[in-house]
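Position 20 (the sequence shown) corresponds to 20 in UniProt numbering; numbering is contiguous. No residue lacks a Cβ here, since even glycine has one placed at the ideal position from N, Cα and C. To start, the structure under review is shown below, and the notes come after it.
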Amino acid sequence: MSTSTTNTVNPTPITSTGTEKNYARQVNSELGKDAFLRLLTTQLSHQDPLNPTDDKEFLSQMASFSSLEQMQNLNTSFAGLDKTMQETQKALFDTIKMFNNNYVDGHKELVKKIEELSLAIKELKEND
């Protein structure tokens with residue numbers, strides 16, 4: 001009499017809206033395309049030939065991995081966009097600051113010229 005043991009993974013349930021439940025497995029963040037494909041081929045080569053795994057399950061795994069990869073790509077894109085926006089914001093702030101400093105300097109120079117002109121006019125009136 002022989003007994004066989006089966007290794008199973010106990011997924012952690014995560015409750016979403018309503019009575020629906022999603023099951024998530026903790027995955028190493030470094031799992032890339034190559035590791036996923038190796039895992040998939042290993043899974044295929046070790047399956048029971050008399051009871052093969054349903055192809056829908058494999059398609060589901062591949063679709064999940066594809067979605068995850070696309071989300072990671074979006075995250076990378078958003079990080080680049082954030083950096084670009086910060087650089088643009090800094091450049092805009094520096095430009096506004098420069099224009100403001102030029103305005104203040106110009107205003108000071110204009111006030112100085114008006115005072116000089118006013119003094120010159122007073123001197124001319126006093127000399128007449």
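Using the Cα positions of residue 97 and residue 105, report the straight-line distance between them to the nearest angstrom. Position 97 of the sequence shown, counting from 1, holds the residue named residue 97. Position 105 of the sequence shown, counting from 1, holds the residue named residue 105. Spanning the two alpha carbons is a distance of roughly 12 Å.
contact_flag[the region 35-45, the region 53-65] where n(CB pairs < 8 Å) is 3 or more: yes
Rounded to a whole number of angstroms, what is the C-alpha to C-alpha distance between residue 88 and residue 73? Here residue 88 refers to the residue found at position 88 when the sequence shown is read from its first residue. Here residue 73 refers to the residue found at position 73 when the sequence shown is read from its first residue. Those two C-alpha atoms are separated by around 22 Å.
How big is the Cα-Cα spacing for residue 101 and residue 120? In the sequence shown, residue 101 corresponds to position 101, counting from 1. In the sequence shown, residue 120 corresponds to position 120, counting from 1. Their Cα atoms are separated by approximately 29 Å.
For residue 117 and residue 103, I'd like the C-alpha separation in whole angstroms. Position 117 of the sequence shown, counted from the start, is the residue given in the question as residue 117. Position 103 of the sequence shown, counted from the start, is the residue given in the question as residue 103. Rounded to the nearest angstrom, the two C-alpha atoms are 21 Å apart.
DSSP three-state assignment for residue 50, whether helix, strand or coil: Counting from one through the sequence shown, the residue named residue 50 turns up at place 50. Three-state DSSP puts residue 50 in coil, outside helix and strand.
Taking the continuous alpha helix (DSSP H) assigned at residue 94, which residues delimit it? Against the sequence shown, residue 94 aligns to sequence position 94. In the DSSP assignment, residue 94 falls within the alpha helix (DSSP H) that extends over 55-127.
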